[in-house]
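The structure appears right after this line, and notes come after that.
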Amino acid sequence: MAYEVRGVVARGKGAPVSVETVLVPDPGPGEAVVDVQACGVCHTDLHYREGGINDDFPFLLGHEAAGTVAAVGEGVTNVAVGDFVVLNWRAVCGQCRACLKGQLHYCFATHNAAQKMTLADGTELSPALGIGAFVEKTLVHSGQCTRVDPAAPATAAGLLGCGVMAGVGAAVNTGAVQRGESVAVFGCGGVGDAAIAGAKLAGATTIVAVDVDDRKLEWAKAFGATHTVNSRRTDAVEAIKGHTGGFGVDVAIDAVGRPEVFEQAFYARDLAGRVVLVGVPTPDMQLTLPMIELFGRGGALRSSWYGDCLPSRDFPMLVDLYLQGRFPLEDFVSETIGLDDVEKAFEKMHKGEVLRSVVVL
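Everything in the sequence shown is counted per our numbering, starting at 11 for the first residue and increasing by one.
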């Protein structure tokens with residue numbers, strides 16, 4: 011018997027979202043139904059609404075979520091009813107060529123629920139990133155549920171489901187920031203500030219935040235930036251070199267995803283430094299760099315997808331660090347809102363007025 015709940019739906023490209031009745035089926039084999047307690051409003055949800063991901067409308071939006079398991083299907087052993095979980099969109103298969111090489115964070119065949127949630131008239135919904143969590147209950151594959159310490163508030167823990175994990179992982183996993191190294195982060199929204207917090211957690215001693223908005227640069231200081239650069243007024247590459255003895259940083263992280271920003275990151279690193287792209291570009295973007303610079307500078311150019319995370323390892327660790335007072339997870343929450351306020355939250359996010367609005371259910 012299906013659950014009848016309220017959820018935020020995007021029916022067409024660019025159209026305002028609406029709160030509608032959603033039917034959630036009982037979990038089938040390998041699936042779980044989760045009572046969503048909180049879900050962050052992420053740029054990816056706005057990309058879905060704008061048709062920037064695909065055109066499989068209508069979408070059930072929301073994916074940065076935490077809640078409790080309400081029901082499980084046949085064969086589920088990794089979670090049980092009542093478990094407090096953070097949802098993830100990288101439920102690894104364990105069988106593909108990446109998994110068999112021990113590189114589970116590159117899994118090529120991640121799992122989603124086999125059944126579809128629908129509108130009241132039977133129209134099938136496409137859940138954002140295979141989750142769809144701006145809803146009172148959602149259906150996911152059980153592997154998309156990661157148990158964490160229930161002492162953490164859902165409003166904070168849920169942000170690990172996407173943006174915060176992407177940023178922290180870009181620094182810690184992909185960039186492999188080491189103690190005493192220098193880091194520059196381009197773009198100080200939620201992902202960029204999480205990369206700054208991750209660099210600080212890893213022991214970086216010089217962390218340069220770069221943005222065009224002084225308000226965001228102030229936020230970056232709170233997460234661990236030791237220096238800030240407004241690239242609208244100052245040459246970012248020269249400023250970063252000025253903060254690193256003229257050499258450039260060990261790790262440069264592009265949390266924007268634009269060719270001109272990546273080029274700045276490329277030239278702002280020291281010889282043999284690492285460049286990490288975690289900002290998401292659009293399909294039409296092109297990058298041109300002199301091959302002699304690629305050859306002569308050495309180092310590495312890396313892309314970071316979901317922070318190269320393994321949810322079963324990284325989510326509980328970061329929640330534990332938060333509960334120990336060593337990671338400022340709750341500071342990413344700018345405001346809490348209801349389901350009816352998601353459209354307004356998109357406007358605030360577009361204007362750069364918030365790090366994260368979080369829907370509380």
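Cβ coordinates follow ideal geometry from the N, Cα and C atoms, glycine included.
Backbone secondary structure at Asn183 - three-state DSSP: Helix, per DSSP.
C-beta contact flag for Ile263 and Phe233 at 8 Å: No; because the gap between Cβ atoms is not below 8 Å, this pair is not in contact.
Which residues DSSP lists as bridging Val285, in chain order: DSSP output for Val285 lists Ala262 and Leu311 as bridge partner(s).
The segment 166 to 174 touching the segment 71 to 80, judged by at least three CB pairs closer than 8 Å: Here the segment 166 to 174 makes contact with the segment 71 to 80; the two share three or more CB pairs at distances below 8 Å.
Residues of its chain near Asp350, where Cβ-Cβ distance is below 7 Å and the 5 sequence neighbours each way are ignored: Val29.
Among Arg279, Ser136, Gly153 and Arg323, nearest to Ile63 - alpha-carbon criterion: Ser136 is the residue among Arg279, Ser136, Gly153 and Arg323 whose C-alpha sits nearest the C-alpha of Ile63.
Cut-off 6 Å between Cβ atoms - residues of its own chain near Val271, not counting five sequence neighbours on either side: Hits under 6 Å: Phe196 and Asp264.
With 16 other Cβ atoms within 10 Å as the buried cut-off, status of His121: With 16 or more other Cβ atoms within 10 Å, it is buried.
Bounding residues of the alpha helix (DSSP H) (the contiguous stretch that carries Lys210): Element bounds for Lys210: Gly200 to Ala212.
Test item: CB-CB of His151 and Ala81 under 8 Å: No. Outside cutoff.
Residue environment, His115, which counts as buried when at least 16 other CB atoms sit within 10 Å: Its Cβ being crowded by 16 or more others within 10 Å, His115 is buried.
Gln47 in three-state terms, based on DSSP: In the structure shown, Gln47 adopts extended strand secondary structure according to DSSP, grouped into three states.
Rounded C-alpha distance that separates Thr236 from Ala12: Per the coordinates, the alpha-carbon of Thr236 lies some 52 Å from the alpha-carbon of Ala12.
Cys385 versus Lys231, Asn183 and Ala214, residue with shortest Cα-Cα distance: Since the first and last residues shown for the chain are 11 and 371, residue 385 lies out of range.
Phe196 in three-state terms, based on DSSP: Three-state result, Phe196: strand.
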